[in-house]
Structures are given as C-alpha cells and as structure tokens.
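Q: For the sequence shown, my numbering assigns the number 137 to the initial residue and increments by one for each residue that follows.
The C-beta atom is built at its ideal place from N, Cα and C for all residues, glycine as well.
Quantities reported herein were computed from a predicted structural model and do not represent experimental measurements.
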Amino acid sequence: MTSSARPLLNRRLAEFGTTVFAEMSALALSTGAINLGQGFPDTDGPEEVREAAVRALRDGRGNQYPPGLGIPELRTAVAAHQRRRYGLSVDPDTEVLVTAGATEAIAAALLALVEPGDEVIALEPYYDSYAASIAMAGGTRVPVTLRPGDGRFRLDLDELRDAVTDRTRLLLINTPHNPTGTVLTREELAQIAALAVERDLLVVTDEVYEHLVFDDAEHVPLATLPGMRERTVTISSAGKTFSFTGWKVGWVTGSPELVTAVRSAKQYLTYVSAGPFQYAVAEALALPESYFTGLRDDLQRKRDLLGDGLRAAGFETYMPRGTYFITTDITPLGEKDAHAFCRALPERCGVVAIPNSVFYDDPGVSRSHVRFAFCKRDDVLDEAANRLQRMAP
C-alpha cells in the first residue's frame with residue numbers, strides 16, 4: 137500500500153470507473169436475466185469464416201507476430217471492400233492499418249492527432265471509449281447533442297458549427313450512431329465536410345455499423361465527400377458485420393500521412409494482435425453481397441420484433457435506422473430515473489438494459505432514456521418482450 141496521499145489513478149481518468157457494460161453484464165449473470173444491454177450477438181457468424189480461422193491456426197498462419205500494419209491479405213481485402221462499396225481508392229500498403237478492434241483504432245487516432253488542450257467535438261450521446269480516449273490524449277471534449285424529435289434523434293448542424301472554436305482540432309463522428317441508431321444523411325454529412333474544410337479540421341469517423349442500416353437509410357463514408365479524403369481517418373471493424381466481436385479485428389483507412397500518424401501511437405498499445413483471425417476476416421470481406429443484404433434484413437426484422445414488444449409494454453420507442461440498439465423513454469411507465477430503472481429491471485422482470493445517461497456529459501439530458509440491444513436470437517427477443525409486459529401500466 138502506498139503511503140502517498142496522491143490518488144493512484146491519474147486525473148485524466150479519474151472520472152472513469154468500471155464501464156456500465158461490465159456492471160450490467162455482471163447483473164445479468166447474477167440474476168439470470170436476459171442481457172439486452174451489451175451489444176454482442178448470441179450466435180456466431182458465418183461457419184465458413186470461423187473455419188477460415190481454424191484453418192489459419194492449423195496451418196501456422198498468424199500464430200507468431202503478424203506485420204505491424206496487418207497481414208497483406210487483410211489490408212488488400214479492406215481496400216477492395218472500400219473500392220467495391222464506396223468507390224474509394226485505398227492503397228493497401230500505405231493507407232490501411234489493422235487494429236485490435238475499433239476501440240484501439242479510436243484510441244490510437246486520438247492519441248496520435250490530439251495535443252493537450254486541443255478541443256475534440258463529439259456527437260453526444262457517445263460510446264464511452266470516446267470520452268476516455270480524448271482524456272488520455274489530454275484533449276478537451278466538446279459535446280454536440282443529438283436530440284429526440286419525431287421518433288428519432290437529430291443533429292443540429294447550427295449547434296455543431298457554433299461549437300467550433302480556434303482551439304478545435306478534430307471532429308469525432310459516429311454514423312450509424314451508437315446508441316441512438318441515427319444514420320446521418322448525405323446532406324448532413326456534406327455540411328459537416330464543408331465545415332471541416334472551412335475550419336481546417338481533422339475528422340475521425342467511426343463506421344463500425346456501416347452494414348447495419350435499415351429502411352431507406354444509406355451509409356455514406358465521410359471520406360467520399362469533397363475535400364475529406366486527406367483529412368479523414370475512417371474506422372471500421374469485423375465484429376459487428378460478421379458477429380465475431382471477440383476476435384477484435386478492426387482497421388483504419390486514410391491518407392498515408394494520417395495512417396502513419398495513427399500507427400505511431402498504435403504500435404505502443406498492442407503492437408499487433410489477432411494474427412489467425414486476420415486471415416479469416418480477409419475471407420469474410422470477400423463474401424458475396426447476399427451475405428451483407430441478409431444480415432441487414434435479419435437485423436431489421438429483429439429490430440421490429442423487439443420494437444413491437446417494447447411499445448406493447450408501454451415504452452416510447454425511437455426506432456433506429458441503423459446499429460443494434462433501440463432507445464426508449466420510460467416516462468410513459470411512470471418512471472423518471474433510467475439508471476435506477478435499469479438497476480431494478482433484472483429483478484422486476486428478468487431483463488437487462490443500459491441507461492443512456494452514461495453516454496452524456498450531463499446525465500440529466502437523458503435521464504429517462506434506456507437502450508436495448510436487439511442482436512439476439514428470435515426466441516430470446518420474444519421471451520424478453522414477454523417479460524417486459526410486466527412493466528405495462
């Protein structure tokens with residue numbers, strides 16, 4: 137035990153304790169509740185992709201350190217994916233970097249690009265690693281809040297423009313957006329791009345849910361818009377697209393200068409990771425278009441299944457146009473405090489959810505919002521919906 141009065145945890149991380157995902161998942165285990173809190177599927181992805189990982193292990197590919205940039209096969213597959221889907225020309229040798237999931241990619245990008253005191257604008261509510269990564273980089277986070285209206289969450293572009301100051305270094309954009317399910321439109325992204333060019337800002341864009349867009353929504357990579365190719369770090373991963381979240385295979389694409397900068401930080405985090413899985417993800421990215429369409433259609437159906445159950449139980453629902461998640465309002469149930477509600481929910485009806493307030497700097501902004509994940513088997517969603525009927529007023 138140290139005798140110093142100085143706190144052990146440095147001040148940059150003092151505000152961050154155990155993540156709410158760990159807390160709620162532990163609660164699910166201890167109560168036997170259905171876990172609709174953390175965003176991971178309860179079934180594995182394509183069998184041929186899993187077998188590709190087994191084959192790589194048995195063939196001795198990736199069992200030792202892979203190259204620092206990632207194996208050539210995966211970098212080539214990422215470049216081919218960007219070209220095929222979005223018309224983006226990416227050099228696999230200089231413009232692709234493989235990371236330990238998107239979480240490391242976000243951390244490495246912010247550590248590389250942000251100086252202490254720089255302001256980083258992020259769309260709020262935001263995935264919890266954003267705030268921690270900005271803090272570790274010594275930056276100052278500036279939230280621009282997506283606000284509910286007409287059944288969805290919307291970005292106020294005027295508010296975004298007003299948030300930019302002479303100290304702003306970087307915009308951290310997430311679309312499709314976790315946790316709200318908002319998919320920024322081409323018009324909204326065009327205005328963000330124009331602002332970045334006008335104010336000479338870097339942009340880090342988290343696109344891990346790029347294939348999970350529903351209804352008439354369209355995913356538009358920011359890097360495809362005028363003036364953005366040389367100032368955008370694009371991040372994605374295999375976890376959400378192929379339902380192998382435990383493999384932690386992500387990637388960064390961008391100009392050679394940006395990728396080199398991110399690699400400078402990344403090499404001192406994990407250095408390299410997931411060797412055999414990189415070979416499997418390379419094969420996964422080459423799956424036929426029918427796989428990606430089928431994934432989207434299946435998740436849209438699951439969204440509708442859970443959404444119907446939540447509405448029947450009395451929740452107000454904001455139906456997402458992307459991601460794994462539905463945000464609800466508990467006010468119609470006579471509830472006001474989402475954190476207290478989520479702590480009690482496993483005992484009350486055997487379901488775990490996440491309070492959206494943990495994704496805000498000011499929890500009061502979203503005190504009555506609760507997030508449910510629908511990336512589960514149909515029978516699990518049906519049972520969860522039945523249990524939630526106990527909440528009906």
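Determine the extent of the beta strand (DSSP E) in which R540 is found, giving its start and end residues.
A: Only positions 137 to 529 of the chain appear in this structure, which leaves residue 540 out of reach.
Q: Could you give the residue range of the beta strand (DSSP E) that holds H505?
A: From DSSP, the beta strand (DSSP E) with H505 extends over H505 to A509.
Q: Compare the beta carbon distance of V388 and V398 with 8 Å and say whether it is the shorter of the two.
A: Yes, the pair counts as a contact, with Cβ atoms nearer than the cut-off.
Q: Give the DSSP-derived three-state secondary structure of L259 in the structure shown.
A: Three-state DSSP puts L259 in a strand.
Q: Applying the criterion that 16 or more other CB atoms from any shown protein chain within 10 Å of the CB defines a buried residue, is V356 buried or exposed?
A: Buried, since its Cβ has 16 or more Cβ neighbours within 10 Å.
Q: Can S372 and E343 be called in contact, C-beta distance under 8 Å?
A: Yes. Within cutoff.
Q: Run the CB neighbour count on S409, radius 10 Å, all protein chains shown included, and call it buried at 16 or more, exposed below.
A: Counting Cβ neighbours within 10 Å, S409 comes out buried, since at least 16 surround it.
Q: For the segment 200-213 and the segment 293-303, state whether three or more C-beta atom pairs, one from each stretch, are separated by less than 8 Å.
A: Contact between the segment 200-213 and the segment 293-303 is absent, because fewer than three Cβ pairs lie under 8 Å.
Q: Any chance the segment 436-453 sits against the segment 264-280, with 3 or more Cβ pairs inside 8 Å?
A: No, the segment 436-453 does not touch the segment 264-280.
Q: Taking the alpha carbon of R191 as the reference point, which residue from I242, A416 and A162 has its own alpha carbon closest?
A: Taking only the C-alpha atoms, the option nearest R191 is A416.
Q: Check whether the Cβ of Y454 sits closer than 7 Å to any heavy atom of the ligand ADP, and report yes or no.
A: For the structure depicted, the ligand ADP is absent and the ligand set is empty, with no information on it obtainable.
Q: On a Cα-Cα basis, can you pick out the residue from Y222, P203, V250 and D195 that is closest to V234?
A: Residue P203 is the option with its Cα nearest to V234.
Q: What residue range is occupied by the uninterrupted beta strand (DSSP E) comprising R277?
A: R277 -> beta strand (DSSP E) spans T276 to T281.
Q: Leaving aside the five residues before and after R447 along the sequence, list all residues of the same chain whose C-beta is less than 8 Å from its C-beta, in chain order.
A: Here the set comprises T453.
Q: At which residues does the beta strand (DSSP E) containing N310 begin and terminate?
A: Element bounds for N310: T304 to N310.
Q: I'd like to know if the segment 423-436 and the segment 278-290 are in contact, where contact means that at least 3 CB-CB pairs between them fall below 8 Å.
A: With a cut-off of 8 Å, the segment 278-290 and the segment 423-436 do not count as touching, because too few Cβ pairs lie within range.
Q: Starting from T463, trace the beta strand (DSSP E) in both directions and tell me its first and last residue.
A: It spans F461 to D465 - the beta strand (DSSP E) in which T463 sits, taken as one unbroken run.
Q: Taking the CB atoms as reference points, tell me whether G175 and Y460 lie closer together than 8 Å.
A: Yes, these two residues count as a Cβ contact at 8 Å.
Q: Locate the beta strand (DSSP E) running through L233, then write down its first and last residues.
A: Segment V232 to T235, the beta strand (DSSP E) holding L233.
Q: Looking only at DSSP bridge pairs, what is T389 linked to?
A: For T389, which the question treats as bridged, DSSP gives the partners V232 and T370.
Q: From which residue to which residue does the beta strand (DSSP E) around L338 run?
A: Run containing L338: L338 to D342, per the beta strand (DSSP E) assignment.
Q: Out of E183, A374 and D178, point me to the one whose CA is closest to E346's CA.
A: The shortest C-alpha separation from E346 is found at A374.
Q: Can you tell which of D514, T318 and R297 has the C-alpha that lies nearest to the C-alpha of R335?
A: Answer by Cα proximity: R297.
Q: Which parts of the segment 190-246 are runs of the beta strand (DSSP E), unbroken and 3 residues or longer, counting only runs that do not cross its ends?
A: Listed in chain order, the complete beta strand (DSSP E) runs (minimum 3 residues) inside the segment 190-246 are 232-235.
Q: Can you check which of these residues, D498, R523 and P456, is closest to R484 by C-alpha distance?
A: For R484, the nearest C-alpha among the options comes from R523.
Q: So, with DSSP's three-state summary, where would you put F152?
A: Coil at F152, not helix or strand.
Q: Determine the closest residue to Q327 out of V250, P362 and P312, with distance taken between C-alpha atoms.
A: Closest option to Q327, Cα to Cα, is P362.
Q: Excluding the five sequence neighbours on either side, which residues of its own chain have a C-beta within less than 8 Å of the C-beta of L149, listed in chain order?
A: Result list for L149: A268, A271 and M272, in chain order.
Q: Along the chain, which unbroken stretches of the alpha helix (DSSP H) at least 4 residues long are found entirely within the segment 442-490?
A: Entirely contained in the segment 442-490, the alpha helix (DSSP H) runs reaching 4 residues are, in chain order, 474-485.
Q: Do V501 and F477 have their C-beta atoms closer together than 8 Å?
A: Contact: no.
Q: In three-state terms, what does DSSP make of V349?
A: V349 falls in the strand class under three-state DSSP.
Q: In angstroms with no decimal places, state the Cα-to-Cα distance between L144 and F152.
A: The straight-line gap from Cα to Cα measures roughly 13 Å.
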